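Visitor: Residue numbering for the sequence shown follows my numbering, starting at 30 and increasing by one per position.
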Amino acid sequence: MPETLETVLEIDLNALEHNYHFLRNRLKPETKFLGVVKAFAYGSDAVAIAKKLEHLGVDYLAVAYVKEGVALRDAGIQTPILVLHPQPANFEELIKRCLEPSIYSPRILRAFLSACEKLNEKSYPVHIKFNTGLNRLGFWENDIDYIIDQTQDRSEIKIVSVFSHLAASEDPKENPFTRQQIRTFEKITKEVDEKLGYTPFKHVLNTSGIINYPEAQFNMVRSGIGLYGFGNEKGIDASLQPVATLKTVISQLHKIEPDESVGYNRAFTSDGYRITATLPLGHADGIGRQYGKGNTFVNVKGTLAPIIGNVCMDMIMIDVTGIDCKEGDEVIIFGKNPTADEFAATANTISYELITGISQRVKRIFKGT
Ligand SMILES: *Cc1c(COP(=O)(O)O)cnc(C)c1O
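1) May I ask you to report which of helix, strand or coil DSSP gives A104?
2) Who does T277 pair with in a DSSP beta bridge?
3) Thinking C-alpha only, which one of V65, D288, L275 and S290 is nearest M249?
4) Can you grab the Cα-Cα spacing for the pair P31 / V221, in whole Å?
5) What do you get for L148, buried or exposed, if any count of 16 or more other CB atoms within 10 angstroms of its CB means buried?
6) Going by beta-carbon coordinates alone, are N324 and T375 separated by less than 8 Å?
7) Say yes only if the C-beta of G253 is nearer than 7 Å to one or more non-hydrogen atoms of ligand 1, and no if none qualify.
8) Determine, for V233, whether the minimum Cβ-Cβ distance to residues of chain B falls below 8 Å.
9) Please go through the stretch 226-278 and give each complete alpha helix (DSSP H) segment of 4 or more residues, from N-terminal end onward.
10) Beta-carbon separation of F141 and I186 under 8 Å?
11) For A16, tell me which candidate among V112, F168 and S198 has the shortest Cα-Cα distance.
12) Going by C-alpha to C-alpha distance, which of H194, I106 and H114 sits closest to Y94?
13) Helix, strand or coil, according to DSSP, for I124 in the structure here?
14) Under a three-way DSSP split, which group does E32 fall into?
15) Taking 7 Å as the cut-off, does the CB of V189 come closer than this to any heavy atom belonging to ligand 1?
16) Apart from the five residues on each side of it in sequence, which residues of its chain come closer than 8 Å, Cβ to Cβ, to D343?
17) Could you check what DSSP says for H114 in three-state terms: helix, strand or coil?
18) Taking the alpha-carbon of I347 as reference, which of Y320, N294 and K202 has the nearest alpha-carbon?
19) Using three-state DSSP, classify H194 as helix, strand or coil.
20) On the three-state DSSP scale, how would you describe A306?
21) Quick check: the Cα distance between I188 and E150, rounded to an integer number of angstroms?
22) Can you tell which of S143, G260, R126 and F62 has its C-alpha closest to the C-alpha of L82?
23) Can you give me the Cβ contacts of D88 inside the same chain, cut-off strictly under 6 Å, excluding the 5 residues immediately before and after it?
24) If we count Cβ pairs, one from each stretch, closer than 8 Å, do we get three or more for the stretch 357-367 versus the stretch 274-281?
25) Identify the residues that DSSP records as bridge partners of A91: which are they?
26) Using the Cα positions of A334 and L195, report the straight-line distance between them to the nearest angstrom.
27) Assuming contact is defined by CB atoms lying nearer than 8 Å, are I240 and I265 in contact in what I supplied?
28) When burial is assigned at 16 or more other CB atoms within 10 Å of the CB, is S152 buried or exposed?
29) Any heavy atom of ligand 1 closer than 7 Å to the CB of N339?
30) Contact check, S193 vs V233 under 8 Å by CB: the rounded distance?
31) Could you give the first and the last residue of the continuous alpha helix (DSSP H) run that contains A296?
32) Could you tell me which residues DSSP pairs with R393 in its beta bridges?
33) Assuming I352 contacts T378 under a Cβ cut-off of 8 Å, what Cβ separation, rounded to an integer in Å, is found between them?
34) What are the boundary residues of the beta strand (DSSP E) that includes K158?
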């Protein structure tokens with residue numbers, strides 16, 4: 030491993046491979062696997078992750094917006110890409126770049142049909158999204174006749190899959206609700222198959238769905254967070270490997286006397302003689318102010334040191350009193366210890382928010398192949 034000389038997000042492609050196989054091995058061999066690479070592959074690097082997943086033989090990729098799909102096509106990714114939340118303003122670009130839209134409402138269906146008509150497309154692959162209880166995006170069960178009616182005598186599109194999204198697949202308390210969502214999805218897909226006259230493939234599970242409801246894998250699953258090393262439960266996390274490690278270096282050490290303060294607004298005042306270290310990353314890099322004031326710890330040579338005072342835009346200060354360290358030494362913000370999940374929990378948030386928030390200012394480096 031090269032020495033850490035500045036703030037970097039290290040992306041471990043071997044960990045990604047491990048997580049992919051771990052998740053895949055829980056599924057039937059014939060179940061297709063979609064890797065979710067939206068939001069820069071959960072804050073890591075969408076192109077590198079997509080290339081690796083393509084190499085591993087993933088069946089589908091998904092992004093949230095058209096722009097993200099275009100970046101993958103520009104990088105030479107050829108795997109089918111589902112765009113989860115496309116906007117009509119980008120439909121022509123979506124078509125030109127061979128991206129496949131989620132069609133989630135009557136308005137979106139009409140707009141997509143017109144875009145296909147304009148570009149003279151035939152049998153363009155689309156994915157119909159149904160709302161089964163998340164109440165975020167999707168057609169309602171009683172829209173089926175409308176969808177059939179709009180598409181029946183038209184050749185512009187071909188419905189290749191029907192899908193839905195679970196609201197609380199990670200939460201055992203919501204098991205009855207999740208089972209109800211799955212039953213509703215089954216009912217919808219049965220009716221769609223009958224009325225359509227052909228059989229699109231079906232998918233409803235995200236990562237926690239794969240873990241907790243494997244019986245509902247249908248023809249494909251969609252995994253994001255699991256690929257990046259988090260299973261939303263301790264037992265599963267132990268079998269996964271975090272893909273991203275945020276590391277930095279100690280820029281400067283300070284000797285603080287009793288009653289002296291550290292940082293903006295003097296948010297930390299010292300109760301004694303302390304040594305603090307200033308690190309070159311802050312809220313502009315994705316470590317928000319909620320992580321300041323002593324609640325959150327980083328790893329200095331194996332010892333956890335608290336982030337003290339207010340997080341600044343470009344710096345944080347940590348208390349390294351009693352830790353044998355010097356300027357230039359490496360500090361792990363999150364990775365194996367603490368994990369992004371543990372780090373996020375100190376501010377009552379989740380790994381998803383922390384890792385997707387690591388800003389583009391942080392250099393990405395790669396480990397593994
Ligand atoms: C983001 C997303 C996923 C991935 O969920 P994870 O919990 O990260 O596995 C799957 N499906 C849809 C529709 C999503 O928006």
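For glycine and all other residues, C-beta sits at the position ideal for the given N, C-alpha and C.
Computed from a predicted structure; not experimentally measured.
Guide: Quick answer:
1) coil
2) V360
3) V65
4) 55 Å
5) exposed
6) yes
7) yes
8) No chain B appears in the structure shown, which is made up of a single protein chain.
9) 236-241 and 263-266
10) yes
11) Any answer about residue 16 is impossible in this case: the structure gives the chain only from 30 up to 398.
12) H114
13) helix
14) coil
15) no
16) P309, L310, G311, A313 and D314
17) coil
18) Y320
19) coil
20) strand
21) 14 Å
22) F62
23) K61 and F62
24) yes
25) V65 and L111
26) 38 Å
27) yes
28) exposed
29) no
30) 5 Å
31) Taken as a continuous stretch (DSSP letters only), A296 belongs to no alpha helix (DSSP H), as it is neither H nor E.
32) L38
33) I352 to T378, Cβ: 27 Å. No contact.
34) Y153 to K158
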